[in-house]
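*Asks:* Mapped onto the working numbering, the consecutive letters of the sequence shown carry residue numbers 211 to 1519.
The beta-carbon is built from N, C-alpha and C at its ideal position, and this holds for glycine as well.
Here the structure is a predicted model, which means the values were calculated and not measured.
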Amino acid sequence: MMKKKSIPASKPSLMLFLCQIVSALDVPLDSKLLEELSQPPTITQQSPKDYIVDPRENIVIQCEAKGKPPPSFSWTRNGTHFDIDKDAQVTMKPNSGTLVINIMNGGKAEAYEGVYQCTARNERGAAISNNIVIRPSRSPLWTKEKLEPNHVREGDSLVLHCRPPVGLPPPIIFWMDNAFQRLPQSERVSQGLNGDLYFSNVQPEDTREDYICYARFNHTQTIQQKQPISVKVVSMDSLNDTIAANLSDTDIYGAKPVTERQPVLLTPTGSTSTKVELRGNVLLLECIAAGLPTPVIRWTKEGGELPANRTFFENFKKTLKIIDVSEADSGNYKCTARNVLGSVHHVISVTVKAAPYWITAPRNLVLSPGEDGTLICRANGNPKPSISWLANGVPIAIAPEDPSRKVDGDTIIFSHVQERSSAVYQCNASNEYGYLLANAFVNVLAEPPRILTPANKLYQVIADSPALLDCAYFGSPKPEIEWFKGAKGSILRGNEYIFHDNGTLEIPVAQKDSTGTYTCVARNELGKIQNEVHLEIKDPTMIIKQPEYTVVQRYSQVSFECIIKHDSTLLPTVVWLKDNDELPDDERFLVGKDNLTIMNVTDKDDGTYTCVVNTTLDSVSASAVLTVVAAPPTPAIIYARPNPPFDLELTGQLERSIDLSWTPGDENNSPITNFVIEYEDGLHEPGVWHYQTEVPGTQTTVQLKLSPYVNYSFRVIAVNKIGRSQPSEPSQQYLTKSANPDENPANVQGIGSEPDNLVITWESLTGFQSNGPGLQYKVSWRQKDVDDEWTSVIVANVSKYIVSGTPTFVPYEIKVQALNDLGYAPEPSEVIGHSGEDLPMVAPGNVQVHVINSTLAKVHWDPVPLKTVRGHLQGYKVYYWKVQSLSRRSRRHVEKKILTFRGNKTFGMLPGLEPYSSYKLNVRVVNGKGEGPASPDKVFKTPEGVPSSPSFLKITNPTLDSLTLEWGSPTHPNGVLTSYILKFQPINNTHELGPLVEIRIPANESTLILKNLNYSTRYKFYFNAQTSVGSGSQITEEAVTIMDEGYSEILFATSPVMHTVGPTFYKVQPLYPRIRNVTTAAAETYANISWEYEGPDHANFYVEYGVAGSKEDWKKEIVNGSRSFFVLKGLTPGTAYKVRVGAEGLSGFRSSEDVFETGPAMASRQVDIATQGWFIGLMCAVALLILILLIVCFIRRNKGGKYPVKEKEDAHADPEIQPMKEDDGTFGEYSDAEDHKPLKKGSRTPSDRTVKKEDSDDSLVDYGEGVNGQFNEDGSFIGQYSGKKEKEPAEGNESSEAPSPVNAMNSFV
């Protein structure tokens, strides 16, 4: 009996095609066959159903289809025919149905909104695309609105509304600040799904004026910005200060602490809500709560569990995300917000609906005339979709009649089809949430049989294995397949063969006699065809001598055998494995033809060794275990270095090689692991031995490669685990013949030292590399990009040649070739060099200065033309100097500072400026030769800042009821002083503070007498100066009025200066203990930290520090004793650090943070005039003139005459040596009291006038670098200011240029 069965899934490589349905044909994917068969159209590519286009670009509506013959295309728009020939803006791609609507040449995208559908048609039917809805994207501007500042009390909740403009598609929302930095979010502060920014409770650090909501429209790549929103958080500390300053002596002052609150939901509102989501989408549920402490959100599903592997929590668990939702995810979802005071919950009822989705999509049918078939279209959804059929794009109810077709709901039944029954059918499944459209054709074919398997294909099989012979075929009606063996053999039948439905013949157990030629015959009513294939049976591969289990002693040798037998026509490969992995990369493992040998066995060689034999048809393997044991006890062995080898002999002498052999010396109980061969060049370096090569310890001969023109001697050194032997005696000498050089000089360069020359340098070859006598070099050059011939010169064995008379800074092609008496080396490669540079010709133009704040300015300039640089552009230098302070109107010695900016940069930042001062600057271009001319000086002024603290505060002349205060004006007023502010309050013996009194003092005062004070009372004073910008830092002092023993009654009176209060004391939030005035002085790798402490004695201090802007934990250092200073060591140079000081055991209080930056940031200053050569020469000339006048005077006096030298000198004094006056702007007496104190590293500028370091994380690249600074690889700089006096560290990193808005935002979205 004949057997028939399907190919098992384990043999897919043999299955060319299978029938899908018993009554239908399946066309094999054979390219040649597909080109010959007729086929109805099939849509292969189309645009999405909802197609949002960019209104600025051409609209491309895709429609691609295949078919035989190739289909033609047509379109409908909004249900009617779309005649593209009548619209000049619309074209259709050749051999395609894709439409291109030309918007970029005058068309408007809004005019082409609508619903489009493509039809692909040929003689066998018509396929249609989905309805493609074209809509141009929209990114409208934000509606203008007036935003009032938000004043919120600390601890209250807050919602900042975004309300973005309605766009298509909806925009992506995010919140940033003015510096384009993403606003940090947390469990307390987060963005909702609607784009609003929610604060569960506000803190003082939330105060800022730049809460900005951005809307990004991806389709148009545009970003819209809402007006900044201001938030002012009123803290309890500020309320305390306000109350304390305004309450009378009878009021109890001190605001209530922040009130904790139980959770309240900010969104959603109410206790319940509903949500509808579609099957397969992502379900997002959100709960955001207010409360203090910040509530924690928890999600549950009533009556069930949240789906595993599809549930995610986002936005600090405020958002529940379930992906790929289904109807089973419908239900009630409960979010609970909880803190220590209580909880609140909200229930969201979720209903999952479903757009139509396929259960069984219709599939193409290929039938033979007279056959039957079915098209099935089954879909599901919620609500359940309705099914409708179309034939060639026309509703089937009005389509041409076909007697072989019958529609039964979601099924079309075909009976006794004919060729005219070919058509394309469309199934439409739709409900209120969407639709599905599928094309499926019925192709009725009448085709004679074809065999697709190549003729005379050869199959090779190992004996006793299955043999599968292919006969892939096609025909309509489906052909019958028969197999024959031999040219005139009978049809194959019987249990020894299996015939598969796809035409494959299987011989389950192939034997030697199965070898031969097999013929496959395919026939149907339209014809017959046959094909021959050949089968060869090969002998199996066998291991006839397998490796065996072995036990060996440590440091001995072991061998495993693996002898194989194989078919003579197959080529085997043998691979050895250890523990199923590759053998160790160890020279002790030696793989032979039939064995594996392991030398000097160690304990790590234990394991299983496998011999694997592979051929193209089969694979066999065999394994054995190796066990390594310790050697039996033996008498103590003395191990030593090996004795030197001897009897060195040279044989096989050739021009470039020679054989060296030797006899090993005694191993001294430690096996020799390798031999090292060294050589001596008696011709060029006599007495110097060089390493040549080394070989394993089992080898005693080696072939050595030689170089020409070398007088060789060789020696051998033996090596074991103990060490190296003494070298052997040298071998006899062998002189190799001379030859041309094998190589050319390396590191060839061309760099001009003067504007009119080119210096060509190279690394000379060694005598060993010369390959012969008479080593010379051929130096060649020619100007690049100029049609010019090479200029060459031959020079002696040197390493430099200078070409004179070259143009300034032009590129040259250069090559250097070695040669000796026998000839030239190979042709050298060319390198590019440049002739000498000259100073730049022009200065940068259009220099502009933008003052950012009182200590920072930004300078812009236009780049100079590259042709005028006359060299490698290295960058630009900005020279700037302070002309005078606007507050003191006094000039000082000019100290120019220099910043260098790398490359073709056209702007830079000037940090460390002094407030309320007049500056000048100019810009110069720099190349490798030096600096170009300076641009005209540009004058700019810095605005006022807050002053420094008063220089001192002294309290003198204490009496019973008065104290005298004296003070010095601020060292740096940074503007025009408007007044001084004095605050003071009494302190009792328990450090309780009395009422605070404030006095405003005119700026021109320097003393004050306070009267009507209480006797024998300690007072604390707080004193600071003010400008129009604000108050500066304050200094504090304490003083005590003296005691009068006879005083028995306290009187209260009104003083012209102040109003005193009675000695009643009230409990307030104590100012003690506290740490203030934290200062830093930083070097490259360390920083000195100092502070002032007020509070109980014997406090134990600690210092915490970390990298500024980093989220890493603070590092902590303990301060020994009660010192008020500490040295931080091991810091990274050029890094900004944050630091704060705290005290142990005092409720964990600590100072405010300070920021400093480690060096190097040293200033290089302009050379003082007194060191200039011209000035020294002028002074020498003046001195010489005075000496000559004195000599003449002396001669005239001796002759009896007089010469009024003094009067004439007074009348004609040299202006160069006159003191400069303040009134005319010239130099007077030099003083550095104001401007030459070093800037404090890391000191902070006032928050209301300058940009703090925390406000920007930009690179320091904008600040350039000093004269001696170096550019880093990333383009940042290490800057140094220049100056004659003490080095001033730059402020550094106080501000930086804002990054590109689009780039900054793209990095976050």
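#1: Ends of the beta strand (DSSP E) at residue 977?
#2: Sort 469, 435, 385 and 475 by Cα distance to residue 410 and report the nearest one.
#3: Among residues of its own chain, excluding the 5 on either side of residue 1181, which ones have a beta-carbon nearer than 6 angstroms to its beta-carbon?
#4: Determine the DSSP secondary structure at residue 629, reduced to helix, strand or coil.
#5: Which term fits residue 751, buried or exposed, when burial requires 16 or more other beta carbons within 10 angstroms of its beta carbon?
#6: At the level of alpha carbons, what is the spacing between residue 757 and residue 836?
#7: Would you call residue 815 buried or exposed, if buried means 16 or more other Cβ atoms sit within 10 Å of its Cβ?
#8: Give the secondary structure of residue 423 by DSSP, where H, G and I count as helix, E and B as strand, and everything else as coil.
#9: Classify residue 421: buried if its beta carbon has 16 or more other beta carbons within 10 angstroms, exposed otherwise.
#10: Out of curiosity, what's the CA-to-CA distance linking residue 905 and residue 927?
#11: Hey, could you find the ends of the beta strand (DSSP E) residue 502 is sitting in?
#12: Rounded to the nearest angstrom, what separates residue 346 and residue 386 at their Cα positions?
#13: Compute the distance between the beta-carbons of residue 982 and residue 1030, then report whether it is under 7 angstroms.
#14: How many Å lie between residue 381 and residue 351 at the Cα?
#15: Suppose you measure from the CA of residue 541 to the CA of residue 494; what does that come to, to the nearest Å?
#16: Excluding the five sequence neighbours on either side, which residues of its own chain have a C-beta within less than 7 angstroms of the C-beta of residue 980, listed in chain order?
#17: Taking residue 558 as the reference, which of 580, 529, 581 and 1173 has the closest Cα?
#18: In angstroms with no decimal places, state the Cα-to-Cα distance between residue 299 and residue 311.
#19: I need the boundaries of the alpha helix (DSSP H) containing residue 1206, first residue and last residue.
#20: Determine the DSSP secondary structure at residue 1051, reduced to helix, strand or coil.
#21: Can you tell me which of the three DSSP states residue 251 falls into?
#22: Take the Cβ of residue 1214 as the centre, count every other Cβ of all protein chains shown within 10 Å, and call the residue buried at 16 or more, exposed below.
#23: Starting from the N-terminal side, write out each stretch of the beta strand (DSSP E) that is 3 residues or longer and does not extend beyond the stretch 487-550.
#24: Under 7 angstroms between the Cβ atoms of residue 1106 and residue 1091?
#25: Tell me the DSSP secondary structure of residue 645 in three-state form.
#26: Just verifying my parser: in three-state terms, what is the DSSP assignment at residue 898?
#27: Grab me the residues of residue 378's own chain with a C-beta within less than 7 angstroms of its C-beta, minus the 5 sequence neighbours each way, in chain order.
#28: Can you give me the C-alpha to C-alpha distance between residue 1171 and residue 1165, rounded to a whole angstrom?
#29: Go ahead and label residue 704 buried or exposed: buried means 16 or more other beta carbons lie within 10 angstroms of its beta carbon, across all protein chains shown.
#30: Starting from residue 1076, trace the alpha helix (DSSP H) both ways and give me its first and last residue.
#31: Between 961, 285 and 642, which lies nearest to residue 592 when the distance is taken from Cα to Cα?
#32: Which same chain residues end up closer than 7 angstroms to residue 1458 when comparing Cβ atoms and leaving out the 5 residues on each side of it in sequence?
#33: So the beta strand (DSSP E) residue 1291 belongs to, where does it begin and stop?
#34: Is the stretch 1007-1017 in contact with the stretch 953-972, if contact means three or more CB pairs nearer than 8 angstroms?
#35: In whole angstroms, what is the alpha-carbon distance linking residue 736 and residue 656?
*Replies:* So, to answer that:
#1: Boundaries for residue 977: no beta strand (DSSP E) harbours it, while the alpha helix (DSSP H) harbouring it runs 977-980, taken from the DSSP string.
#2: Looking at the Cα atoms, 475 is the closest of the given residues.
#3: Around residue 1181: 1158 and 1161.
#4: In this structure, residue 629 counts as helix in the three-state DSSP scheme.
#5: With 16 or more other Cβ atoms within 10 Å, it is buried.
#6: Each residue's CA atom was taken as its position, placing residue 757 and residue 836 some 10 angstroms apart.
#7: Of the other Cβ atoms in all chains shown, 16 or more fall within 10 Å of the Cβ of residue 815; this residue is therefore buried.
#8: Secondary structure at residue 423: strand, using DSSP grouped into helix, strand and coil.
#9: Residue 421 counts as buried, since no fewer than 16 other beta carbons sit within 10 angstroms of its beta carbon.
#10: Approximately 11 angstroms between the Cα atoms of the pair.
#11: Its beta strand (DSSP E) spans residues 498-502.
#12: Going by the C-alpha atoms only, they are around 28 angstroms apart.
#13: In this structure, residue 982 lies near residue 1030, with their beta-carbon atoms less than 7 angstroms apart.
#14: Approximately 12 angstroms, taken between the alpha carbons.
#15: Using only the alpha carbons, I get a separation of about 14 angstroms.
#16: Hits under 7 angstroms: 919, 951 and 1030.
#17: Residue 529 holds the alpha-carbon nearest to the alpha-carbon of residue 558 among 580, 529, 581 and 1173.
#18: Residue 299 and residue 311: Cα-Cα distance of roughly 6 angstroms.
#19: Careful: residue 1206 lies outside any alpha helix (DSSP H) and carries neither H nor E.
#20: In the structure shown, residue 1051 sits in coil (DSSP, three-state: anything other than H, G, I, E or B).
#21: In the three-state reduction of the DSSP assignment, residue 251 falls in the strand class.
#22: Residue 1214 is exposed by the Cβ-count criterion.
#23: Correct list: 493-496, 498-502, 506-511, 521-524, 529-532 and 541-549.
#24: Their beta carbons are under 7 angstroms apart, which means residue 1106 touches residue 1091 by this criterion.
#25: Residue state for residue 645 is assigned as strand, using DSSP reduced to three classes.
#26: Judged by DSSP in its simplified three-state form, residue 898 adopts strand.
#27: For residue 378, where only same-chain residues beyond five positions count, the Cβ hits under 7 angstroms are 262, 345, 347 and 348.
#28: The alpha-carbon atoms of residue 1171 and residue 1165 are separated by roughly 13 angstroms.
#29: Under the 10 Å beta carbon count, residue 704 is surrounded by fewer than 16 other beta carbons and is classified as exposed.
#30: Run containing residue 1076: 1076-1079, per the alpha helix (DSSP H) assignment.
#31: Nearest C-alpha to residue 592: 642.
#32: Bear in mind that the predicted position of residue 1458 carries a pLDDT of just 41, short of 50, making it unreliable; the figure below should be weighed with that in mind. Excluding sequence neighbours, residue 1458 sits near 1240.
#33: Per DSSP, residue 1291 is one residue of the beta strand (DSSP E) stretching across 1284-1292.
#34: Yes, they touch.
#35: Their backbone Cα atoms lie some 8 angstroms apart in a straight line.
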